[in-house]
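Heads up: the sequence lines are chains A and B, in that order.
Going by my numbering, the first sequence opens with residue 644, and the numbers climb by one from there.
Going by my numbering, the second sequence opens with residue 644, and the numbers climb by one from there.
Number of protein chains: 2
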Amino acid sequence: MSQQKPLIIDCHGHYTTAPKALENWRNAQIAGIKDPASMPKVSDLKISDDELRESIETNQLKLMKERGSDLTIFSPRASFMAHHIGDFNISSTWAAICNELCYRVSQLFPDHFIPAAMLPQSPGVDPATCIPELEKCVKEYGNVGINLNPDPSGGHWTSPPLSDKAWYPIYEKMVEHNIPAMVHVSTSCNACFHTTGAHYLNADTTAFMQCLTSDLFKDFPTLKFIIPHGGGAVPYHWGRFRGLAQELKKPLLKDHLLNNIFFDTCVYHQPGIDLLTKVIPVDNILFASEMIGAVRGIDPETGNYYDDTKRYIEASTIVVGDDRYKVYEGNARRVFPRLDAALKAKSL
Amino acid sequence: MSQQKPLIIDCHGHYTTAPKALENWRNAQIAGIKDPASMPKVSDLKISDDELRESIETNQLKLMKERGSDLTIFSPRASFMAHHIGDFNISSTWAAICNELCYRVSQLFPDHFIPAAMLPQSPGVDPATCIPELEKCVKEYGNVGINLNPDPSGGHWTSPPLSDKAWYPIYEKMVEHNIPAMVHVSTSCNACFHTTGAHYLNADTTAFMQCLTSDLFKDFPTLKFIIPHGGGAVPYHWGRFRGLAQELKKPLLKDHLLNNIFFDTCVYHQPGIDLLTKVIPVDNILFASEMIGAVRGIDPETGNYYDDTKRYIEASTIVVGDDRYKVYEGNARRVFPRLDAALKAKSL
């Protein structure tokens with residue numbers, strides 16, 4: 644398989660371009676928290692297949708074709724998850740709507756999109772309440788992964804660390820269904836943290852360190868996390884993290900964490916990708932762009948889109964030969980076994 | 644000057660090795676918050692010059708000589724600042740004690756240590772209350788900089804962003820006295836954040852982004868911040884930050900921030916230092932090790948101390964010739980004008 648041109652699998656795409664009706668419905672729902680009489684029904688949201696098709700064909704799919712990626716693992720818009728808004732019921736209704744839309748996109752474009760689910764998390768609410776939505780998404784919608792928010796408070800960090808047993812019901816279901824989680828926060832409602840410039844990266848670093856200080860993966864040896872945005876600050880400070888693990892009498896990071904933790908390639912310049920691929924073993928790196936996302940412009944230093952991360956991999960002198968197959972395809976098949984099964988069912 | 648061997652100035656050292664009596668006094672002070680009858684007096688703390696000498700000679704100075712650095716900008720132990728404990732009076736007494744100790748070290752070893760001050764910050768208290776301690780440290784103790792904690796709550800991030808006018812009284816004094824601030828948090832009391840593995844790096848990234856989204860340096864064109872720990876996640880994600888500035892219609896980062904923001908070299912492996920020095924202009928990089936600090940071990944991959952950052956600069960093929968003078972000495976003299984003046988007063 645590695646001799647052929649690899650499938651280019653982008654493991655990190657959000658539905659950031661959904662028809663405006665979705666945002667309008669969400670705003671009505673938020674207004675309905677204070678004024679229950681105005682709370683919209685789920686059935687008030689009407690988005691046709693044609694509208695979905697257009698929103699994808701003119702955006703993500705257009706760029707995928709231009710840039711040469713084949714398949715995107717597609718989840719609801721991260722910044723719109725906003726788990727801090729309202730209570731569990733609000734999050735539950737909202738997650739169900741967003742997950743259904745990603746499912747419909749995957750049905751309209753089965754060769755190009757496969758869904759990953761957001762969870763109906765809510766601050767202070769037992770994560771186990773998310774299991775029905777998780778199971779529906781896996782069993783009925785063919786989701787191959789989930790996005791897990793380590794801070795549903797939106798920048799106040801009031802939940803316990805990911806190593807806390809409060810999260811274990813989610814992990815048990817992940818293991819049971821053979822799905823990984825991308826650890827991904829949502830909008831910051833703390834004025835200290837810019838959402839995509841600080842909160843996202845901080846959460847990545849924080850999640851890694853929560854795993855490092857714990858023995859979570861002794862309890863769940865097959866649990867898999869993808870740390871997005873190139874792992875936050877982690878690869879850049881790999882020496883620091885190796886040294887901290889040593890101080891804490893933990894095993895070498897490759898044994899302690901790298902059977903379970905993977906990094907995506909959402910790093911928007913060549914030197915960053917080169918650092919990532921030099922420092923982190925190739926088996927732990929999954930291709931991703933997070934387009935159309937936080938950084939949509941063209942880099943004046945290169946003339947190319949910042950988030951056209953495939954160019955950085957193509958220009959890499961570190962990720963070559965069979966390693967390129969791993970980053971583009973092989974690792975995604977291994978980390979997302981349900982994706983692998985779905986591809987094999989199509990003889991891919 | 645650049646033709647001679649440069650002075651090796653380490654701009655980031657904390658007094659992590661103070662005699663045990665200091666920690667005992669602090670513990671008594673913390674106990675005294677609940678039990679005022681047991682509150683110790685400042686005069687209860689007795690540390691002799693010999694004790695100070697020994698704590699430095701067997702630790703920082705020993706390593707400075709072994710590793711070949713000449714002068715450390717020396718401030719109280721960052722994790723012990725713990726501004727979240729008690730109220731302003733508690734912080735005020737504690738800061739005065741810690742700053743006096745660093746001053747005494749600088750008097751005992753005037754060729755090797757020059758002090759930078761911690762501030763008596765306290766959550767929810769007007770930063771202007773810190774000015775008397777700041778001015779005492781500059782005028783009486785010869786401090787050349789301060790450490791400014793953007794989150795005195797210790798991981799709850801309840802203060803406004805650094806761009807908020809609440810911080811301006813501090814900035815006015817910094818400009819008046821020509822001193823920079825290292826933006827440095829203290830211990831995390833939020834279970835989500837490991838202090839040195841997550842909170843420190845997150846704060847670095849957060850502070851940079853707070854500056855990026857604001858026009859702080861239009862109001863204070865000569866204000867200078869050092870972002871420690873290699874700038875947190877910033878250099879690794881430099882493309883992301885350039886792209887975010889572009890989306891926000893800000894000037895290029897070199898014009899928007901790099902007249903005012905500097906990064907230290909506390910990055911504990913060669914690939915990280917190489918990334919930093921490749922991406923960030925050499926004029927914005929100051930040599931530092933933060934020894935003896937968070938990562939005290941020996942890297943089994945190199946056989947050298949993780950925090951012996953001079954080795955990474957010496958091995959660099961990017962920082963060569965006159966650039967090495969800038970990183971070791973020239974930039975520190977420019978960013979810390981009072982340090983430059985103190986050196987010149989000694990004909991250095």
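Just so you know, even glycine gets a beta-carbon here, dropped at the ideal spot from N, CA and C.
All values derive from a computational prediction rather than experimental measurement.
Residues of chain A with a CB under 7 Å from the CB of Asn845(B): which are they?
Here the neighbours are Asn845, Thr848, Thr849.
Taking only beta carbons into account, state which residues of the region 889-918 of chain B come closer than 7 Å to chain C, listed in chain order.
Judged by its chain identifiers, the structure shown contains no chain C, and its protein chains are A and B.
Within 8 Å, do at least three Cβ pairs link the region 708-728 of chain A to the region 741-750 of chain A?
In short, these stretches touch, since the Cβ pair count reaches three.
Short of 6 Å in beta carbon distance, which residues of its chain neighbour Val962(B), apart from the five on each side in sequence? Order them along the chain.
Hits under 6 Å: Thr920, Ile956, Val970.
What are the boundary residues of the beta strand (DSSP E) that includes Pro719(A)?
714-719 is the extent of the beta strand (DSSP E) around Pro719(A).
Of all the residues that make up the region 948-972 of chain A, which are near chain B by a beta-carbon distance shorter than 7 Å?
Under the 7 Å Cβ criterion, the region 948-972 of chain A contributes Tyr949.
My guess is that Ser802(B) and Ser765(B) are in contact by the Cβ rule of under 8 Å, so how many angstroms apart are they, rounded?
Contact doesn't hold; Cβ gap of about 10 Å is too wide.
Applying the criterion that 16 or more other CB atoms from any shown protein chain within 10 Å of the CB defines a buried residue, is Glu783(A) buried or exposed?
Exposed.
Could you name the residues of the same chain whose beta carbon sits closer than 7 Å to that of Trp881(A), not counting the 5 residues immediately before and after it, in chain order?
Cβ neighbours of Trp881(A) beyond the five flanking positions: Val922.
Listed in chain order, which residues of the region 793-814 of chain A have Cβ atoms closer than 8 Å to some Cβ of chain B?
The region 793-814 of chain A vs chain B, Cβ under 8 Å: Pro793, Asp794, Gly798, His799, Trp800, Ser802, Pro803, Pro804.
Kindly indicate the opening and closing residues of the beta strand (DSSP E) around Ile1009(B).
No answer is possible for residue 1009(B): the residues shown for chain B start at 644 and end at 991.
Sorted by chain position, which residues of the same chain lie with C-beta nearer than 7 Å to Tyr683(B)'s C-beta, five sequence neighbours on each side aside?
Per the sequence shown, the amino acid found at residue 683(B) is Pro instead of Tyr. Closer than 7 Å at the Cβ level, and outside the excluded window around Pro683(B), lie Trp668, Ala671, Gln672, Gly675.
Could you work out which residue in Tyr948(A), Glu944(A), Val925(A) is closest to Gly936(A) when comparing CA atoms only?
The residue with the shortest Cα to Cα distance from Gly936(A) is Tyr948(A).
Any beta-carbon of chain A closer than 8 Å to the one on Tyr746(B)?
No, its Cβ sits nowhere closer than 8 Å to a Cβ of chain A.
Ala834(A) versus chain B: which residues are under 7 Å apart at the beta carbon?
The answer, in chain order, is Pro803, Pro804.
Does the Cβ of Pro649(A) have 16 or more other Cβ atoms within 10 Å, making it buried, or fewer, making it exposed?
So Pro649(A) counts as buried.
CA-CA distance, Leu991(A) and Ala841(B)?
The alpha-carbon atoms of Leu991(A) and Ala841(B) are separated by roughly 41 Å.
Relative to chain B, which residues along the region 926-944 of chain A have a C-beta separation below 9 Å, given in chain order?
So the close ones are Ala937, Val938, Arg939, Gly940, Ile941, Asp942, Pro943, Glu944.
Taking just the CA atoms, how far does His726(B) sit from Arg977(A)?
Going from the Cα of Arg977(A) to the Cα of His726(B) covers about 46 Å.
Can you say whether Asp898(B) is buried or exposed, counting buried as having 16 or more other CB atoms within 10 angstroms of its CB?
The residue in question, Asp898(B), is exposed, as its Cβ has fewer than 16 Cβ neighbours within 10 Å.
Taking Cβ-Cβ distances below 8 Å as the criterion, which residues of the region 860-893 of chain B are in contact with chain A?
Residues His872, Gly873, Gly875, Ala876, Pro878, Tyr879, His880, Trp881, Gly882, Arg883, Phe884, Arg885, Gly886, Leu887, Gln889, Glu890.
Nearest chain B C-beta to His837(A) closer than 8 Å, yes or no?
Yes, because at least one Cβ of chain B sits closer than 8 Å to the Cβ of His837(A).
In its own chain, which residues sit with a C-beta less than 7 Å from the C-beta of Thr848(A), not counting the 5 before and 5 after it?
So the list reads Gly875, Ala876, Val877, once near-sequence residues are dropped.
So what's Leu751(A) in DSSP terms, helix, strand or just coil?
It is helical.
Could you check which residue in Gly788(B), Thr830(B), Lys779(B), Val787(B) has the C-alpha nearest to that of Phe797(B)?
For the sequence presented, residue 797(B) should be read as Gly rather than Phe. For Gly797(B), the nearest C-alpha among the options comes from Thr830(B).
Please classify Asp942(A) as buried or exposed, where buried requires at least 16 neighbouring CB atoms within 10 angstroms.
It is buried - the Cβ of Asp942(A) has at least 16 other Cβ atoms within 10 Å.
Could you give the distance in angstroms between the alpha-carbon of Tyr879(A) and the alpha-carbon of His837(B)?
Answer to the nearest angstrom: the Cα atoms are 17 Å apart.
Assign Pro758(A) to one of three DSSP states: helix, strand, or coil.
Strand.
At what residues does the alpha helix (DSSP H) containing Leu896(A) begin and finish?
Run containing Leu896(A): 896-899, per the alpha helix (DSSP H) assignment.
DSSP three-state label for Ala664(B), please.
Three-state result, Ala664(B): helix.
Give the DSSP-derived three-state secondary structure of Asn670(B) in the structure shown.
Helix at Asn670(B).
Where Gly788(B) and Ile822(B) are concerned, what is the direct C-alpha to C-alpha distance, given to the nearest angstrom?
Near 5 Å, if we compare the C-alpha coordinates of Ile822(B) and Gly788(B).
Can you name the residues of chain B whose CB is closer than 9 Å to the CB of Leu706(A)?
The premise fails here: Leu706(A) is roughly 15 Å from chain B at the closest Cβ pair, so nothing lies under 9 Å.
For Leu855(B), would you say it is in contact with chain A, using Cβ-to-Cβ distances shorter than 8 Å as the test?
With 8 Å as the cut-off, Leu855(B) counts as an interface residue toward chain A.
With DSSP as the reference, label Gly875(A) as helix, strand or coil.
The answer is coil: DSSP assigns Gly875(A) none of H, G, I, E or B.
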